[in-house]
Every structure is written in structure tokens, then in C-alpha cells.
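Structure record follows, encoded as C-alpha cells.
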Amino acid sequence: MIRRGLGRRFRLLALDLDGTLYSSQSYVKELEEAIVRLTAEMLGVSPREAAQRLTEAKTQALTTSASLKLLGIRRSEFYDRLSRMVNPASHIEPRPEVEDLLRRIKARGVKVALHTNAGRPLALKVLSALALNPNLFDFIVTSDEAEPKPSPQGYELLLLSAGCRAEECIYIGDRAVAELRTAKMMGMFTVKVGGRESMWADLHFRDILEALRAMEALIEDSTTRMS
Numbered sequence: 001m002i003r004r005g006l007g008r009r010f011r012l013l014a015l016d017l018d019g020t021l022y023s024s025q026s027y028v029k030e031l032e033e034a035i036v037r038l039t040a041e042m043l044g045v046s047p048r049e050a051a052q053r054l055t056e057a058k059t060q061a062l063t064t065s066a067s068l069k070l071l072g073i074r075r076s077e078f079y080d081r082l083s084r085m086v087n088p089a090s091h092i093e094p095r096p097e098v099e100d101l102l103r104r105i106k107a108r109g110v111k112v113a114l115h116t117n118a119g120r121p122l123a124l125k126v127l128s129a130l131a132l133n134p135n136l137f138d139f140i141v142t143s144d145e146a147e148p149k150p151s152p153q154g155y156e157l158l159l160l161s162a163g164c165r166a167e168e169c170i171y172i173g174d175r176a177v178a179e180l181r182t183a184k185m186m187g188m189f190t191v192k193v194g195g196r197e198s199m200w201a202d203l204h205f206r207d208i209l210e211a212l213r214a215m216e217a218l219i220e221d222s223t224t225r226m227s
């Protein structure tokens, strides 16, 4: 399976955040409940109606972040308020192995980026819970800087910031249609973490540590072959 990436020289590793760098059903539950409460507050409707409107919007937009525009909610305000309503550190444990693997990949001359649909304040809280310094990433693209996935805008910003082509980028995420499909259609090498295998993923792994170890080997092998 790993041989599917041979023949490319990778210069960028882009990572999704939620559901990719960690897995926590309890945090997902807290986050989803907070999203409904906040949507209800900002729309002036009941939580039940807010949940229904979110569900209907997501059938069109695929993600909560992209749904906010359809609901007439200002995304930056929404995520700023949401970041104060949840406590990721109560659910997510630090994973020092992730930082170690990312530093080893960076040492091979590959830039590492974070791409999330969350706003920056919430993304920073999640990184803090994971004990990952934001400075570990060469750049971070949130929904404050670009239209949320599945819009290609954030992916284009990743490539522009790294100064590379789509073919030189590895994109790791947990959602096939909502994020990997866009990356794959742009020409990126796609890796899915968790869940089922997908036609939009070149490779599939159960966990981020397994995925990063494989990517380190892939990058090392491609660098050796190209040198």
C-alpha cells in the first residue's frame, strides 16, 4: 500500500485537527451540545429548532462551519463564543508521540501545516489540550483565514503558504467527503485516519500515530529515490 506514494517528492504535510489528531467521543458530545445551544442563542430559536436547522444546512454544506453561512450566523463570532463554552482539556489527553513524529518529518525538510474548520481560538484550545505548541506548525489555516472545508480556498492557502504544488502535498484527515475529496481532486496525496476506507483516500490507517509513522517512512523513501 505504501508504494502508492512512490514517485513523488513531498514538501508539505497538512493535517486536519478534530477527529484526526485525537479521538474523543465525550468531547464530540460536549461540542455538539454546545453548538446547538449557541446556534439557538444566536438565531433566537429553541434548541430543538436549532438542531433541525443545523441538520438541514449540513445536508447542503456538509460541515457545521460551512452551514453557519447558510444560517446567517457570523462564523468568527460563533467560534469565538464557542471556544469559551467548551473545555477540550477535560476530554483530550496529551500525545507527545505526535509532536515527536512531526518534528522528525520536519527535519526531513517537509513543512507541516494544520488545517481546521474551527476558528483560531478553539483550535488553540484543542492544541493546548494535546500539549502541542502552535509554533510546531509552519502555518495554521482556520475558518478565520479561509472558507471552511469542503471549499478549496483553505487548501489553496496551504499550497500558497508552502510554495508548493498539490502533487507535493500529503493531506491527512478523518472525513472522506467533507475534506479528503477536495484534497484528492486537487491532486494531493490523501490519507484517512479512522473509520472506513474511502475512494478519496490513497491510504487508510486506524490512528494518527500509525499514519504519521507510515508518512515518515514514505517521505524518507521518496527523498532517497529523488536524491
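So for the sequence shown, the working numbering puts the first residue at 1; every next one is plus one.
Each residue gets a CB set at the ideal place from its N, CA and C atoms; glycine is no exception.
Beta-carbon proximity list for residue i, same chain, < 8 Å, skipping 5 on both sides
{"i": "Ile105", "result": "Leu13, Val112, Leu212, Met215, Glu216, Ile219"}
{"i": "Lys69", "result": "Ala61, Arg75"}
{"i": "Leu158", "result": "Leu12, Ala14, Ala113, His115, Phe139, Val141, Cys169"}
{"i": "Val86", "result": "Tyr27, Glu30, Leu31, Ala34, Leu122, Lys125"}
Residue i versus residue j: straight-line alpha-carbon distance, rounded
{"i": "Ala57", "j": "Asp16", "result": "22 Å"}
{"i": "Cys164", "j": "Pro134", "result": "22 Å"}
{"i": "Arg80", "j": "Thr39", "result": "As written in the sequence, residue 80 is Asp, which differs from the Arg given in the question. Distance between the alpha carbons of Asp80 and Thr39 is about 13 Å."}
{"i": "Pro47", "j": "Glu145", "result": "29 Å"}
{"i": "Gly109", "j": "Arg8", "result": "14 Å"}
{"i": "Thr97", "j": "Gly154", "result": "It is worth fixing the name first, because residue 97 is Glu in this sequence and not Thr. So the alpha carbons of these two residues sit roughly 27 Å apart."}
{"i": "Ala51", "j": "Phe137", "result": "34 Å"}
{"i": "Glu210", "j": "Met199", "result": "20 Å"}
{"i": "Phe49", "j": "Arg37", "result": "The sequence shown places Glu at residue 49, rather than the Phe named in the question. Approximately 10 Å between the Cα atoms of the pair."}
{"i": "Leu127", "j": "Ser23", "result": "13 Å"}
{"i": "Pro152", "j": "Ala118", "result": "16 Å"}
{"i": "Gly195", "j": "Val177", "result": "12 Å"}
{"i": "Leu31", "j": "Gly44", "result": "20 Å"}
{"i": "Gln25", "j": "Ser90", "result": "12 Å"}
{"i": "Leu102", "j": "Ala201", "result": "21 Å"}
Backbone secondary structure at residue i - three-state DSSP
{"i": "Leu132", "result": "coil"}
{"i": "Leu71", "result": "coil"}
{"i": "Gly154", "result": "helix"}
{"i": "Val141", "result": "strand"}
{"i": "Thr116", "result": "coil"}
{"i": "Leu102", "result": "helix"}
{"i": "Tyr22", "result": "coil"}
{"i": "Leu62", "result": "coil"}
{"i": "Met85", "result": "coil"}
{"i": "Lys184", "result": "helix"}
{"i": "Leu124", "result": "helix"}
{"i": "Phe10", "result": "coil"}
{"i": "Ile170", "result": "strand"}
{"i": "Leu203", "result": "strand"}
{"i": "Leu17", "result": "coil"}
{"i": "Leu192", "result": "Residue identity differs from the one stated: residue 192 is Lys in this sequence, not Leu. Strand at Lys192."}
{"i": "Lys149", "result": "coil"}
C-beta atoms of residue i and residue j nearer than 8 Å
{"i": "Leu162", "j": "Thr142", "result": "According to the sequence displayed, residue 162 carries Ala and not Leu. No."}
{"i": "Phe10", "j": "Glu197", "result": "no"}
{"i": "Asp207", "j": "Val191", "result": "no"}
{"i": "Met42", "j": "Ile92", "result": "no"}
{"i": "Leu71", "j": "Ala34", "result": "no"}
{"i": "Tyr27", "j": "Pro88", "result": "yes"}
Cβ-Cβ separation, residue j to residue i (assumed contact under 8 Å), whole Å
{"i": "Lys125", "j": "Thr63", "result": "Between Thr63 and Lys125 the Cβ distance is about 19 Å, and since that is not below 8 Å, they are no contact."}
{"i": "Glu179", "j": "Leu132", "result": "The Cβ separation is near 19 Å, so there is no contact."}
{"i": "Thr20", "j": "Asp174", "result": "5 Å"}
{"i": "Arg94", "j": "Leu130", "result": "Note that residue 94 corresponds to Pro in the displayed sequence, not to Arg. Right, the Cβ-Cβ distance comes to about 6 Å (below 8 Å), so this counts as a contact."}
Same chain, Cβ closer than 7 Å to residue i, five either side skipped, listed in chain order
{"i": "Lys139", "result": "Per the sequence shown, the amino acid found at residue 139 is Phe instead of Lys. Around Phe139: Ala113, Ser161."}
{"i": "Arg246", "result": "The structure shown has nothing for residue 246, since the chain only spans 1 to 227."}
{"i": "Leu166", "result": "It is worth fixing the name first, because residue 166 is Ala in this sequence and not Leu. So the qualifying residues of the chain are Leu159, Met186, Gly187, Met188."}
Neighbourhood of residue i by C-beta distance below 6 Å, restricted to the same chain and skipping five residues each side
{"i": "Ala66", "result": "Pro148"}
{"i": "Tyr171", "result": "Ala14, Ala183, Met188, Thr190"}
{"i": "His204", "result": "Lys192, Glu197"}
{"i": "Phe78", "result": "Leu68"}
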